[in-house]
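Counting the sequence shown from 1 gives a position; my numbering is that position plus 72.
Each remark here refers to the structure printed beneath this line.
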Amino acid sequence: RPGPRTAPDAPDAVQTLGRWTLRPGVAVTELPDGVHLRGWITGVTLEGGPGLRVLWSRLAETLTADSALATDRSARLAR
């Protein structure tokens with residue numbers, strides 16, 4: 073059974089992260105085992121362990137770097 077075919081020079085998800093941004097108005101609430109994200113229209117809860125809060129914090133930091141959102145506190149975890 074052949075494995076997945078990928079181009080040898082295809083960027084991975086981490087390499088393409090620089091093209092993504094966090095939308096204005098995203099609010100985040102810390103949960104015991106994850107985070108709850110709320111936007112203009114919908115929300116999503118990510119649960120699985122306390123490490124998700126750290127992961128979200130670092131991801132939000134990356135997504136708001138070098139953008140107008142970098143100074144917006146709504147992209148940070150609500151405590």
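The C-beta atom is built at its ideal place from N, Cα and C for all residues, glycine as well.
#### Entry: Beta-bridge pairing of Arg125 - partner residues as DSSP gives them
Counting from 1 along the sequence shown, the entry for residue 125 is found at position 53. Answer is none; Arg125 lacks a bridge partner.
Less than 8 Å between the C-beta atoms of Val107 and Leu94, yes or no? Counting from one through the sequence shown, the residue named residue 107 turns up at place 35. Counting from one through the sequence shown, the residue named residue 94 turns up at place 22. No, the pair does not count as a contact, with Cβ atoms beyond the cut-off.
- request: Leaving aside the five residues before and after Trp112 along the sequence, list all residues of the same chain whose C-beta is less than 6 Å from its C-beta, in chain order.
  value: As a position in the sequence shown, residue 112 is number 40, starting the count at 1. Only Gly97 meet the Cβ criterion.
Check your understanding: Distance, Cα to Cα, Ala142 vs Thr136?
Key -> In the sequence shown, the residue the question calls residue 142 occupies position 70. In the sequence shown, the residue the question calls residue 136 occupies position 64. Residue placement at Ala142 is poorly supported in this model, since its pLDDT is 46, which falls under 50; the coordinates still yield a value, given next. Approximately 5 Å between the Cα atoms of the pair.
*Candidates Pro122, Leu131, Val100: which alpha carbon is nearest Gly115's?*
Residue numbering aside, residue 115 sits at position 43 when the sequence shown is read from its first letter. For Gly115, the nearest C-alpha among the options comes from Val100.
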